[in-house]
Amino acid sequence: MPKAKAAPDFLLIAVTLTLLAVGLIMVYSASAVWASYKFDDAFYFAKRQLLFAGMGILAMFTVMNMNYLTWRAWAKVLLGVCFLLLIVVLIPGIGLKRGGASSWLGVGAFSIQPSEFMKMAMIVFLAKFLSENQKHITTVKKGILPSLALVFSAFALILLQPDLGTGTVLVITCLMMVFVAGARIKHFVFLGAMGLIGFVGLVLSAPYRVERITSFLDPWKDPLGSGFQIIQSLYAIGPGGLFGFGLGQSRQKFQYLPEPQTDFIFSIVSEELGFIGAVFVLLLFCLLLWRGIRIAIGAPDLYGSLLAVGIVGMIAVQVMINIAVVTGLLPVTGITLPFLSYGGSSLTLILVSIGVLLNISRYSKY
Amino acid sequence: MRVSAVTVRRRLIFILIAGMLIFGIFTARLAYVQFYMNGWLTRQALDSWSRQIPYEAERGDILDRNGEVLATNVSRPSVLVVPKQVRDPVKTAEKLARVLNASKEHIYQLITKKASTVYIKPEGRKISNEKAAEVRSLHLPGVFIAEDFKRHYPYGRFLSHVLGFAGVDNQGLIGLESYYDDLLKGVRGHVDFYSDAQGNRMSSLKDKYVPPKDGLDLVLTIDHRVQTIIERELDQTEQKYHPDNAIAIAMNPNTGEILGISTRPDFNPENYQNVAPEIYNHNLPIWRTYEPGSTFKVITLAAALQEHLVDLQHDSFYDPGYITVAGTDLHCWKRGGHGSETFLEVVENSCNPGFVELGQRLGKDRLFSYIHKFGFGAKTGIDLEGESTGILFKEDKIGPLEAATTAFGQGVSVTPIQQIAAVAAAINGGYLYTPYLAKEWVDPETGEVVSRNAPQLRRRVISEETSKKVRYALESVVANGTGRNAFVEGYRIGGKTGTAQKVSGGRYLENNYILSFMGFAPADDPQIIVYVAVDNPKGTVQFGGTVAAPLAGKIISDSLQALGVKKRTGGMEKEYRWGDEKMIEVPDLVGEDKQTISEEYYDLKIEAEGTGDTVIRQQPQAGVKLKAGSKIRVYLGDKNDAGD
């Protein structure tokens with residue numbers, strides 16, 4: 001085992017903390033109106049987010065000092081528990097329904113999303129599995145098929161909630177890991193074709209998905225129905241212009257955008273801070289991606305590389321899908337923006353995963 | 001096969017580059033949305049945030065030429081609801097229903113509509129200020145009181161067809177209200193305030209107030225005093241004769257300004273729904289066409305005089321009671337005819353064969369050329385909607401018979417407004433003016449005249465010399481002829497009667513005429529021309545001279561008095577006939593003794609007061625003309641008293 005260097009990737013820490021700070025400010029700004037209306041407390045969401053951020057940073061620095069190999073030992077157990085939770089959450093009466101999907105377990109604010117944990121568990125497990133079976137990666141039978149079977153069974157369970165967004169992030173992230181591990185390009189081409197067929201089938205099987213697709217193509221066709229969210233989001237982004245209306249000056253947060261502190265927080269960023277602020281946030285994510293890939297390249301072993309690309313890939317894919325949705329490039333899927341959107345369990349998990357990434361960086365070959 | 005570390009590294013770099021590319025796409029997309037779509041999205045967003053409360057513009061007043069208000073507005077606010085701001089639709093509907101006396105369900109339906117603003121129609125439109133205050137005091141979120149107006153016509157039925165009326169949205173529907181709607185209505189204003197989805201004002205955006213632009217005030221050529229006289233006289237005619245309908249027009253012959261115009265039956269513009277639509281839709285003086293009858297003879301007369309084809313005093317004509325044209329006997333209205341008469345007497349007697357003779361002297365081409373020049377066969381262009389053109393014989397279908405009947409006013413179909421404009425030209429020196437109602441437009445705020453309509457001369461038809469002869473002939477008609485009933489002492493009225501036959505199903509109706517009179521005064525310098533037509537009066541001899549002439553005479557004399565036109569001397573004396581009321585000049589009785597006056601002045605009753613033998617004062621003064629049988633009051637005293 002390579003010796004741990006004293007210093008983790010400082011730039012990654014700086015980017016993480018900057019994103020956290022921007023996130024906290026924006027959660028407050030975006031949620032203040034909604035929070036005072038709903039809870040009579042403008043700081044309701046901001047206070048909670050601050051608490052989660054604090055816990056998350058603590059967890060991040062703890063995990064940063066835990067050898068990333070530790071996770072490999074727990075991979076099977078973690079995955080097993082997560083599969084169990086994904087099944088449990090589907091049982092009526094146990095899983096909490098929020099926004100039409102039963103994806104939560106627990107009580108009130110202390111509830112978790114098993115699918116979030118599944119993403120992490122799956123990344124750790126795949127990193128372990130692929131690094132141990134790398135010699136079979138170019139084969140279907142012993143390389144791709146077992147990994148994909150596992151990934152798609154998790155995907156299927158998540159779809160049953162239904163939570164297409166999280167499921168998609170999981171699948172793309174895992175495919176990325178399989179790709180990096182060295183799978184054959186022609187297998188990906190075949191998978192792509194299969195995926196396309198599967199996607200079309202999925203979309204056609206649930207009418208609300210068709211609606212989301214059509215509304216995404218022309219949101220103004222049904223401005224009060226399926227196109228509502230995209231239009232409201234564009235009403236925030238568009239008028240923002242170069243400099244925005246200034247921090248706290250959003251109009252769309254006045255309950256035109258429902259729960260602006262969650263999925264559509266990037267719209268509020270674009271509205272209040274303008275093109276400059278939005279591109280600044282994009283740049284932070286670019287830096288994050290760059291540092292993450294750099295850590296993956298510098299990792300002392302394949303397991304470390306795959307774990308790192310899995311983590312940074314998961315974050316990046318989620319960021320991309322969210323921003324594509326918010327700017328009207330993809331149909332609405334209901335996915336949060338890492339670091340910025342309000343949400344305790346996802347923020348904590350992301351910080352923990354950054355902690356893992358930081359730990360890998362300490363063993364970097366460079 | 002083992003995958004080399006190089007592959008892993010290459011693929012990681014591939015992911016990094018792909019990721020950067022995707023972020024690049026996002027940057028481009030943001031630039032597109034925030035720069036290229038910025039303007040459009042901003043407008044759309046402002047629209048979606050803004051709540052608009054309309055402010056109705058105040059419709060311009062309509063005034064008579066002296067500034068008397070004929071149409072104005074009274075404040076009648078409307079209840080306006082912004083559905084998105086209504087907190088509790090059920091309670092709101094209940095409370096509003098109670099105040100407005102409307103059904104809860106109806107209001108609930110309205111206030112839950114997917115619209116930015118809705119009016120509570122009809123119960124909440126144009127309510128009283130008291131009711132509005134009551135609604136305001138409910139303090140219902142999302143419920144507003146918007147400034148609004150209701151049209152008010154202070155004179156009621158007065159001038160109703162011409163004024164017209166405006167509908168519930170302050171839009172002119174008929175009459176001048178409709179014809180000049182664009183100028184009268186103004187431009188609606190509004191207050192925009194920005195609100196969040198809950199309807200609360202967004203303090204970060206300023207309210208935008210666009211004030212309404214009030215409509216211009218319209219000053220008419222109408223003189224309310226003349227109009228009042230016309231309305232009064234038509235009311236009396238209606239009561240007395242129960243005609244199917246009746247009209248009267250008064251115009252300044254020297255400008256075309258309409259001084260008064262009215263129709264019976266009429267309506268109250270504020271309750272126009274109470275009468276049949278035919279009544280308010282048909283402004284008879286400009287819409288109705290019929291055979292004018294003898295009033296049309298003025299045109300034939302003017303044409304013949306202008307062409308020097310007749311000498312009224314010296315040329316004579318023999319009327320045996322008919323005239324044969326192209327094998328058809330055209331009868332005079334008087335059985336047995338008028339016998340031998342001068343052409344002045346032809347005019348006085350309204351003798352049909354005499355006018356046929358004049359028409360034949362003119363020939364059909366010249367006759368019809370004058371008819372066209374006097375404006376018949378074309379709209380006069382008065383500023384009202386719904387004017388008719390009338391019908392003349394088609395040029396190629398005019399034979400001698402058609403020309404002959406046209407010469408005395410049969411076989412042509414014209415409107416009253418065409419007739420008054422044409423006869424005005426015949427008596428004013430030959431100038432054909434376009435009749436008009438809108439005199440000037442006034443800015444309601446500054447009181448300044450924005451624009452002024454000048455008289456519109458269409459063409460000169462005859463000479464002053466000819467016109468003078470026409471005036472003389474027509475004065476003579478009133479003094480000596482068929483128009484005697486229009487005679488008013490001292491006002492030198494000229495005129496022409498008409499008894500128009502009505503056609504129904506291609507045949508003339510029996511005992512059903514439109515009795516008309518075209519009159520003007522003073523004959524030496526006409527200041528007013530009046531046309532009246534009474535359709536099918538009951539319980540009277542249906543002849544223009546019996547119903548229409550006195551009506552016109554009364555309107556003319558009262559109007560001239562109202563307009564301050566002095567009485568004339570030196571006019572034609574009325575030729576008295578059996579049955580006429582004779583006017584007797586009051587003699588100077590002062591100084592006479594009691595004995596003499598009681599024997600001599602038997603045409604006037606003398607009522608004496610006081611004791612004594614000598615008249616010291618009298619009422620009325622000497623020289624005043626009274627009807628036979630009127631009273632003179634004399635005060636008797638001693639001879640000595642008179643000298644004081």
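Line by line, the protein sequences give chains A and B.
Note that this note's numbering numbers the first sequence so that position 275 is 275, with each residue one more than the last.
Note that this note's numbering numbers the second sequence so that position 62 is 62, with each residue one more than the last.
Ideal placement from N, C-alpha and C gives every residue a C-beta, glycine not left out.
DSSP-derived helix/strand/coil call for residue i
{"i": "P265/B", "result": "coil"}
{"i": "I237/A", "result": "helix"}
{"i": "E440/B", "result": "strand"}
{"i": "A642/B", "result": "For A642/B, the predicted model reports a pLDDT of 42, less than 50, meaning its position is unreliable; a value from the coordinates is still stated below. Correct three-state label for A642/B: helix."}
{"i": "V558/B", "result": "In the sequence as presented, Val is not what sits at residue 558/B; that position holds Asp. In this structure, D558/B counts as helix in the three-state DSSP scheme."}
{"i": "V89/A", "result": "coil"}
{"i": "A5/B", "result": "helix"}
{"i": "V503/B", "result": "strand"}
{"i": "D64/B", "result": "coil"}
Residues that residue i contacts on chain B, provided the C-beta gap is smaller than 9 Å
{"i": "L329/A", "result": "I25, F26 and R29"}
{"i": "G334/A", "result": "None at all; the shortest Cβ gap to chain B is about 19 Å."}
Top-ranked residue by Cα proximity to residue i, from the options
{"i": "N245/B", "options": "N283/B, V210/B and L259/B", "result": "N283/B"}
{"i": "P550/B", "options": "G612/B, H314/B, T482/B and G591/B", "result": "T482/B"}
{"i": "I127/B", "options": "L96/B, K114/B, G142/B and Y108/B", "result": "L96/B"}
{"i": "L457/B", "options": "E464/B, L432/B and A473/B", "result": "L432/B"}
{"i": "L80/B", "options": "Y290/B, D61/B, A115/B and V74/B", "result": "A115/B"}
{"i": "I369/A", "options": "S36/A, V15/A and I237/A", "result": "Since the first residue of chain A shown is 1 and the last is 366, residue 369/A is not available in this structure."}
{"i": "A59/A", "options": "G201/A, G355/A and P258/A", "result": "G355/A"}
{"i": "A133/B", "options": "E510/B, V99/B and H106/B", "result": "V99/B"}
{"i": "A404/B", "options": "H372/B, L367/B, G386/B and G610/B", "result": "L367/B"}
{"i": "M37/B", "options": "G240/A, I137/A and V27/A", "result": "G240/A"}
{"i": "H338/B", "options": "C351/B, L330/B, H331/B and P141/B", "result": "C351/B"}
{"i": "A454/B", "options": "Y436/B, A276/B, Y272/B and P77/B", "result": "Y436/B"}
{"i": "P331/A", "options": "V124/A, L164/A, Q134/A and A30/A", "result": "L164/A"}
{"i": "F165/B", "options": "F376/B, R264/B, Q273/B and A304/B", "result": "Q273/B"}
{"i": "A121/A", "options": "V151/A, D263/A and R48/A", "result": "V151/A"}
{"i": "A146/B", "options": "P212/B, L312/B, D535/B and V586/B", "result": "P212/B"}
{"i": "I394/A", "options": "Q161/A, L19/A, A32/A and S364/A", "result": "Missing from the structure shown is residue 394/A; chain A here goes from 1 to 366 and no further."}
Span of the beta strand (DSSP E) around residue i
{"i": "I606/B", "result": "K605 to E609"}
{"i": "A250/B", "result": "N245 to M251"}
{"i": "D319/B", "result": "S316 to D319"}
{"i": "F144/B", "result": "V143 to A146"}
Short CB-CB distance (under 7 Å) between residue i and chain A
{"i": "G124/B", "result": "no"}
{"i": "A18/B", "result": "no"}
{"i": "T434/B", "result": "no"}
{"i": "T42/B", "result": "yes"}
{"i": "A45/B", "result": "yes"}
Closer than 7 Å to chain B by CB, residue i
{"i": "M314/A", "result": "no"}
{"i": "M320/A", "result": "yes"}
{"i": "P239/A", "result": "yes"}
{"i": "L126/A", "result": "no"}
{"i": "C174/A", "result": "no"}
{"i": "V279/A", "result": "yes"}
{"i": "I323/A", "result": "yes"}
{"i": "L357/A", "result": "no"}
Proximal residues of chain A, C-beta to C-beta of residue i below 7 Å
{"i": "T72/B", "result": "None at all; the shortest Cβ gap to chain A is about 43 Å."}
{"i": "V8/B", "result": "V180, G182, L302 and S305"}
{"i": "I22/B", "result": "M320"}
Residue i, enclosing alpha helix (DSSP H) - first and last residue
{"i": "R459/B", "result": "It is not in any alpha helix (DSSP H) - R459/B instead sits in the beta strand (DSSP E) that spans Q456 to R460."}
{"i": "G192/A", "result": "I185 to S205"}
Where residue i meets chain A, residues with beta-carbon distance less than 8 Å
{"i": "L12/B", "result": "V180, I293, A296, I297, S305 and V309"}
{"i": "S50/B", "result": "Under the 8 Å cutoff, chain A gives no residues; its nearest Cβ is about 11 Å from S50/B."}
Chain-ordered neighbours of residue i on chain B, where CB pairs are closer than 8 Å
{"i": "I230/A", "result": "Ordered by position in chain B, no residue passes the 8 Å Cβ test against I230/A, which lies about 11 Å from the chain."}
CB contact check: residue i to chain C, cutoff 7 Å
{"i": "Q85/B", "result": "Here the protein chains are A and B, and chain C is not one of them."}
Closer than 7 Å at the beta carbon, the chain B residues around residue i
{"i": "F152/A", "result": "By Cβ distance, chain B contributes nothing, its closest Cβ being about 21 Å from F152/A, past 7 Å."}
Any non-hydrogen atom of the ligand COA closer than 6 Å to residue i Cβ
{"i": "G591/B", "result": "Judged by which ligands are present, the structure shown has none, so any question about the ligand COA falls away."}
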